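Take a look at the structure below.
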Amino acid sequence: MTDILHIVGGGMAGSEAAWQAAQAGIRVVIHEMRPKVETFAHRTGDFAEMVCSNSFRSDDDEQNAVGLLHWEMRAAGGLLMEMADRHKLPAGGALAVDRDGFSAGVTERLLAHPLIETSAEEIAELPGEGQWIIATGPLTSGALAEAIRAETGEEALAFFDAIAPIVYADTIDMSVAWEQSRYDKGDTLEEQRAYINCPMTRDQYEAFIDALLAAPKTEFREGEMAGYFDGCLPIEVMAERGRETLRHGPMKPRGLTNAHDPDVKPHAVVQLRRDNALGTLYNIVGFQTKMKYGGQTEVFRMIPGLSEASFARLGGIHRNTFLNSPTLLDGEMRLRSRPNIRFAGQITGVEGYVESGAMGLLAGRLAAAEMQGRRLAPVPPTTAVGALVTHITGGAEAKTFQPMNVNFGLFPPVGGFKGGRKGRVERYRAYTDRAKADWRDWLGQSRQSAA
Ligand SMILES: Cc1cc2nc3c(=O)[nH]c(=O)nc-3n(C[C@H](O)[C@H](O)[C@H](O)COP(=O)(O)OP(=O)(O)OC[C@H]3O[C@@H](n4cnc5c(N)ncnc54)[C@H](O)[C@@H]3O)c2cc1C
């Protein structure tokens, strides 16, 4: 049993994990429930089906973190990137693909691999022995989700995300905003200054509510709403319930004194909370939203202190099964309570086809190394793969953990470059140069360990 790696789910992560492990010489069985058991989003029985957009986003590996992730996956012999390049469509700087050709290509290559078998079945229990990777994605089947929940506890597996927009800390205007926790709560100065506050006058608040109500929204897809609960309402829905609702909810000004203008009580306050240990990212507290992306930037830049803000990710609410990975997984993506099981893909709390595939790539390599008695060095957090895995397995705040796209805010800062939006071209280039060198080194060390 232990010489076979079992992978549950043949989506983005499971397909890449299977490929990487098999290329390392490990026998793999992929257990995929489709087409026998369907999800509301998938249409076919193929592996690596793209359930919505046909884009892998930016392909710019010098100025964009997802483009860098493409580069790293290509350098590691990734199957998803090989097939994406083969089935590429014209899309400017983005990597858009012919979705049917792409997933048919991935399926064909996996089925043709001499070390890969497939098993068309739903896995409904957590496996007791053997080496496993669970990569069942945002739409993990109900039975398996229940089994995971029984193992990890009620609070540690979510069925919906509620993503508040995340801002790069160095783009917040601190001549307008100030640091303070409500009622200065906390034992240490750091605790008492844990939040960044953005004050609003009555006119600014009214204009903000108007913009929020007018902005275009995305709808839930059919079947997506099942099990959704009232506990994490989008801000625009709160605003629809009454113009004052937000002022008594996430935008209440109570317990806060504007450090720049202590005598004037703000009419409303938007709070931002630290989102990662590096302190480079802040989320806007309680601002989960179904506003369309284009509208979000415009509306959120109306907030005093955020007029020049850059967003590491915008807000959203989706049907999404994901673990509280910072508490549950070790640095090698193993479930702490059952180290024979790794998790990979969107269920670990990354978001997107590329990020999910990248976590599959890493999990496949880690599992193969462990099964061959090799030890891989930790992936440097200065690389895109390393920044993501470091974030989900420890860098993120566990209490407020929500799915994350790859972005430069997850990387340890590079010294000697101007912060903010103005210096970003040189800064991003420094991030990507450093990442490429470190990823090449890591791949070289991994090859040596296999020799
Ligand atoms: C409605 C919707 C729209 C989305 N749109 C986009 C988008 O436009 N762009 C983007 O980048 N990302 C999008 N995503 C996120 C997207 O799902 C992920 O980025 C990506 O597909 C995740 O890869 P994965 O391998 O983790 O999961 P998946 O690709 O979903 O693969 C998981 C696989 O596991 C199988 N499975 C589930 N449970 C079991 C079980 N118990 N036993 C056996 N097999 C099982 C499923 O059938 C599936 O094939 C969307 C997600 C949803 C739900």
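Heads up: the sequence shown runs through residues 100 to 550, numbered per the numbering used here. Even glycine gets a Cβ: it sits at the ideal position worked out from N, Cα and C. These numbers were taken from a predicted model, which means no experiment stands behind them.
Residue i to residue j span [Cα, whole Å]
i	j	result
S154	D197	9 Å
M182	A255	35 Å
Q395	S157	20 Å
Y392	A549	44 Å
W541	L475	9 Å
T317	N357	35 Å
F410	G472	42 Å
R353	S280	11 Å
E431	V484	12 Å
R418	F500	16 Å
M299	L178	50 Å
R301	A367	8 Å
N423	D362	42 Å
F139	F259	15 Å
R121	G518	Just to set this straight, residue 121 is Ala in the shown sequence, not Arg. Using only the alpha carbons, I get a separation of about 43 Å.
R520	V513	15 Å
I491	L355	32 Å
R441	L434	6 Å
E525	F507	13 Å
A293	W538	34 Å
Q119	E469	13 Å
E216	G236	20 Å
L288	R400	29 Å
P264	I383	6 Å
L209	A117	8 Å
G404	L380	15 Å
Y282	G515	37 Å
R173	F319	34 Å
Spatial neighbours of residue i in its chain, beta-carbon cut-off 7 Å, leaving aside the 5 residues before and after
i	result
T239	T420 and I446
A338	I308, L311, L312, T344 and L345
P511	L377, P480 and T481
E115	G177, L178, L179, G456, G459, L460 and G463
V478	L461, V484, G485, V488 and W541
S436	E250
R185	G204
Beta-carbon proximity list for residue i, same chain, < 6 Å, skipping 5 on both sides
i	result
A257	F421
I334	F386 and T388
K498	none
L225	A246 and E250
Given residue i as reference, the closest of the options once Cα atoms are compared
i	options	result
H83	R342, L413 and N296	Within the shown structure, residues of the chain are numbered from 100 to 550, placing residue 83 beyond reach of any answer.
P365	D374, K351, L371 and R372	K351
R464	Q544, D184, L427 and E397	Q544
Y527	R539, W541, L509 and L542	L509
K187	M172, L178, G200 and G177	G200
E161	Y530, R546 and R400	Y530
V453	D429, N382, V524 and L167	L167
E228	F386, D102 and E278	D102
A536	S409, W170 and E137	W170
A164	E216, D374, G451 and A468	G451
W231	N506, G448 and A443	A443
L214	P226, A223 and L104	L104
S218	A244, C331, Y294 and V136	V136
A242	W538, Q119, A223 and E496	A223
G91	E220, P425 and R539	Residue 91 is absent from the model: the chain starts at 100 and stops at 550.
V266	R539, D374, G494 and E496	D374
G415	G341, E221, N504 and K498	N504
A234	A261, A263 and A112	A112
D429	L380, F319, G494 and D283	G494
S152	L210, Q370, A190 and M172	A190
A276	H141, I402, V127 and R533	I402
I262	C331, E278 and Y282	C331
E221	P502, H212 and A244	A244
N439	A466, L413 and L427	A466
Cβ-heavy atom distance, residue i to ligand 3, below 7 Å
i	result
H417	Looking for ligand 3 in the displayed structure turns up nothing; the ligands present are ligand 1.
Residues near residue i by beta carbon distance below 8 Å, same chain, minus five either side
i	result
G348	M337 and G385
A193	S154, F155, R156, S157 and D158
V398	F307, A310, L311, A314 and M390
E305	R342
Chain D contact for residue i (CB, 8 Å cutoff)
i	result
T239	Annotation note: the requested chain D is absent from the structure, which comprises a single protein chain.
**Asked** Hey, which unbroken runs of the beta strand (DSSP E) at 3 residues or more fall wholly within the segment 410 to 447?
**Response** 410 to 412, 415 to 422 and 437 to 442
**Message:** With three or more C-beta pairs closer than 8 Å as the rule, is the segment 251 to 259 touching the segment 456 to 466?
**Reply:** The segment 456 to 466, when compared against the segment 251 to 259, does not touch it at the 8 Å Cβ threshold.
**Asked** Are the segment 202 to 221 and the segment 138 to 154 in contact at 8 Å, needing three or more beta carbon pairs?
**Response** As far as the Cβ criterion goes, the segment 202 to 221 touches the segment 138 to 154, which means the pair count is three or higher.
**Item:** the segment 128 to 139 contacting the segment 101 to 111, beta-carbon criterion three pairs below 8 Å
**Value:** yes
**beta strand (DSSP E) segments (min. 3 residues) lying fully within the segment 339 to 385** = For the segment 339 to 385, the full-length beta strand (DSSP E) segments reaching 3 residues or more read 367 to 373 and 380 to 383 along the chain.
**Asked** What alpha helix (DSSP H) runs, 4 residues minimum, are completely inside the segment 238 to 293?
**Response** 241 to 251 and 288 to 291
**Request:** Flag this pair as touching only if the segment 402 to 416 and the segment 263 to 282 have three or more C-beta atom pairs under 8 Å; answer yes or no.
**Result:** yes
**Message:** What ranges does the beta strand (DSSP E) occupy inside the segment 165 to 202, keeping only unbroken runs of at least 3 residues that lie completely in it?
**Reply:** 193 to 196
**Message:** Which complete alpha helix (DSSP H) runs does the segment 486 to 539 hold, if anything under 4 residues is left out?
**Reply:** Counting only runs of 4 or more, we get nothing.
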